[in-house]
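Protein chains in written order, with our numbering: chain A, 1 to 332; chain B, 333 to 664.
Virtual Cβ for every residue (Gly too), placed ideally from N, Cα, C.
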């Protein structure tokens, strides 16, 4: 397995990316030591997996090299691909990708397309990561609108999955059905929720309620065999454990996500310390995958720190190991 | 002034309505006493206002009479109109209004249409109140979509106004402009916010961001002279003091409202006591007016208690005194 990492993306690049790699590799070494001691043959897979494990880092080579050294990181399994350009957070995605062909994001997608890495991660410009995915590895045949979801804190302490979280503002009913399928696979394979319950975000409980989109999507979701559809859920249900996968258009989803993201600040400024409201610190979650494209791509929060980078890399590994893309294809 | 009240609407009817009337009248008597002592001529208006003040109560006459007596309410300014039917919370609005012509809601709207009351209040079936408004007193000429807004708690301790909060799920750009106008007048006249700032709820800050609706509404709002438009606001801005009036379609608004409503329960179940989060107890706000119809109509929360009824009656008074309907007409 070879995971590609954009080292120049995010507000604290490349330092926090390097620290994330350190965290990740230390965890792996610890696990391997444990396995060696147990001499447990069942773990061979994992052990070999680490031996076959490679990271490919895209970015400013001298800077990355010196940071790796400074943090005492064993570079046996690490390859650096030097790139000379950086796409900034607020650049126009299409224009930037076209003009900055030696940027860490553009070169990373080149490696991904050619199969020289198995997954690609960045905490950089979200738009450039979306456009890069759509133009290089492309949407899976049959997927109309690749999408991004978002974690949703829930009162039961387990995360739910909101999808679409802001990529597709205007949707057709069929898009919502695909979001439901993509979200269910993600919830099952990555969040570890068996037979995830899917709710349609709406403004009433009964079938027939809602706007034209949700009215039309409801019967399609009800008929669709690949998901466990429980019907409509309302705004008041988002933070409860009613549905594991919450489906909506990207406009609605983005409003919900940003509203949810604002709650942590409100709680902190009121000096409230509470386990449940700690879940609203979204930076801790690392990144989210672009679902519906042909290879695993993970996009991180701009202000990602070491732990977030570590989590993103782990998610990319899981996406590869579980063959999430293959599972999606099998449902089409 | 004559305010009509549906005594049979809400989960605790007619008891809580009676208790609300008691609270209201006690407040008025206190004010009048104070004014007598001060012998302040400037307050003559208010004093006379109470003398010319009447309440018309629609509902089960014997039950209301006995409750008024039981609560020691002075009935000098109160008239009861006996009605024999009740529209339940979950009845189909149009059907119920047609079939239950002697219901408190139907009779109340009859009085309002004929000018026998100046405003009408109910904590009953919201749909029936909307349909009743549209079919009896009707939309103001030039208003395409009458609407209902919702209070939004804000970190600065002052309430904002979200509009539409769930009546018009699918909107045209011009509808949002009228919501902005209606919301601004409400914020100015009833919430007492001078030159209220209007924000368009969207998924990005810059003009051009958003779904087709918000992209088309932005330039119309920018051009419109009757409001103070500040541009887009995002989900994260809803609970801040960025905009006083937050404009969106009723689908988005209803999701935001119900999500906001759910926060109080979450906070309570975590045993958190906090002034700001107390603002999320929406029942305290009484009711909201149907904006854009020809007379003041106030719809209350189903679980309204005495204080909510008192607040609804006070709001109806303000709507009449300030001639909110006349101000709306002047902007068209």
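C-beta atoms of residue i and residue j nearer than 8 Å
i, j, result
"residue 83/A", "residue 117/A", "no"
"residue 631/B", "residue 461/B", "yes"
"residue 586/B", "residue 235/A", "yes"
"residue 472/B", "residue 659/B", "no"
"residue 145/A", "residue 175/A", "yes"
"residue 96/A", "residue 10/A", "no"
"residue 389/B", "residue 412/B", "yes"
"residue 239/A", "residue 465/B", "no"
"residue 333/B", "residue 652/B", "yes"
"residue 633/B", "residue 619/B", "yes"
"residue 18/A", "residue 71/A", "yes"
"residue 615/B", "residue 588/B", "no"
Residue i versus residue j: straight-line alpha-carbon distance, rounded
i, j, result
"residue 501/B", "residue 230/A", "22 Å"
"residue 305/A", "residue 131/A", "24 Å"
"residue 121/A", "residue 297/A", "6 Å"
"residue 291/A", "residue 159/A", "18 Å"
"residue 640/B", "residue 555/B", "38 Å"
"residue 148/A", "residue 75/A", "32 Å"
"residue 39/A", "residue 32/A", "Any reading at residue 39/A must be qualified, since the residue scores a pLDDT of 46, below 50, and its modelled position is unreliable; the value itself is stated next. The alpha-carbon atoms of residue 39/A and residue 32/A are separated by roughly 10 Å."
"residue 352/B", "residue 358/B", "10 Å"
"residue 315/B", "residue 494/B", "There is simply no residue 315/B to check, as chain B begins at 333 and stops at 664 in what is shown."
"residue 104/A", "residue 29/A", "28 Å"
"residue 667/B", "residue 271/A", "Residue 667/B falls outside the range modelled here, since chain B spans only 333 to 664, and no answer is possible."
"residue 43/A", "residue 275/A", "Note that residue 43/A scores a pLDDT of 42, beneath 50, so its modelled location is shaky; the value from the coordinates is reported in the next line. Approximately 34 Å between the Cα atoms of the pair."
"residue 444/B", "residue 467/B", "12 Å"
"residue 94/A", "residue 207/A", "40 Å"
"residue 569/B", "residue 484/B", "11 Å"
"residue 441/B", "residue 216/A", "35 Å"
"residue 482/B", "residue 663/B", "22 Å"
"residue 613/B", "residue 348/B", "18 Å"
"residue 137/A", "residue 325/A", "12 Å"
"residue 697/B", "residue 156/A", "Residue 697/B lies beyond the range of chain B shown here (333 to 664); nothing can be said about it."
"residue 243/A", "residue 60/A", "43 Å"
"residue 486/B", "residue 611/B", "8 Å"
"residue 102/A", "residue 221/A", "43 Å"
Cut-off 7 Å between Cβ atoms - residues of its own chain near residue i, not counting five sequence neighbours on either side
i, result
"residue 100/A", "85, 87 and 106"
"residue 63/A", "14"
"residue 41/A", "Because the pLDDT of residue 41/A is 44, which lies under 50, any placement of that residue in the model is unreliable, and the number read from its coordinates should be weighed accordingly. Counting only Cβ-Cβ distances below 7 Å, and skipping sequence neighbours, we find nothing."
"residue 648/B", "335, 451, 453, 628 and 630"
"residue 642/B", "352, 355 and 356"
"residue 203/A", "209, 210 and 234"
"residue 545/B", "503, 505 and 581"
"residue 191/A", "159 and 161"
Limits of the beta strand (DSSP E) - the one that residue i falls within
i, result
"residue 484/B", "479 to 484"
"residue 435/B", "Element bounds for residue 435/B: n/a, residue is neither H nor E."
"residue 58/A", "54 to 59"
"residue 334/B", "334 to 338"
"residue 246/A", "245 to 247"
"residue 529/B", "529 to 533"
"residue 411/B", "410 to 414"
"residue 185/A", "Where residue 185/A is concerned, there is no enclosing beta strand (DSSP E), although the alpha helix (DSSP H) it sits in stretches over 173 to 189."
"residue 572/B", "No beta strand (DSSP E) holds residue 572/B; DSSP gives it neither H nor E."
"residue 127/A", "Not the beta strand (DSSP E): residue 127/A falls in the alpha helix (DSSP H), residues 126 to 135."
Residue i: first and last residue of the uninterrupted alpha helix (DSSP H) it sits in
i, result
"residue 315/A", "306 to 321"
"residue 228/A", "Where residue 228/A is concerned, there is no enclosing alpha helix (DSSP H), although the beta strand (DSSP E) it sits in stretches over 228 to 233."
"residue 276/A", "275 to 278"
"residue 266/A", "250 to 269"
"residue 660/B", "656 to 662"
"residue 159/A", "First-last for residue 159/A: undefined, no H or E at that position."
"residue 629/B", "Note, residue 629/B: premise wrong, no alpha helix (DSSP H); beta strand (DSSP E) at 629 to 632."
Proximal residues to residue i (C-beta, below 6 Å), its chain only, five neighbours per side dropped
i, result
"residue 577/B", "493, 515, 516, 519, 528 and 530"
"residue 580/B", "533"
"residue 232/A", "200, 202 and 205"
"residue 277/A", "267"
"residue 54/A", "2 and 77"
"residue 617/B", "483"
"residue 573/B", "486 and 488"
"residue 378/B", "Annotation note: pLDDT 46 at residue 378/B (below 50); position unreliable, coordinate value reported separately. Nothing listed; no residue qualifies."
Rounded Cβ spacing between residue i and residue j (contact assumed at less than 8 Å)
i, j, result
"residue 510/B", "residue 475/B", "6 Å"
"residue 167/A", "residue 250/A", "5 Å"
"residue 559/B", "residue 497/B", "Actually they are not in contact, since the Cβ atoms of residue 559/B and residue 497/B sit about 18 Å apart, beyond 8 Å."
Same chain, Cβ closer than 8 Å to residue i, neighbours up to 5 away in sequence not counted
i, result
"residue 323/A", "none"
"residue 421/B", "343, 456, 457 and 634"
Contact test: residue i Cβ vs the ligand PLP heavy atom, cutoff 7 Å
i, result
"residue 553/B", "You won't find the ligand PLP in this model; it holds no ligand whatsoever."
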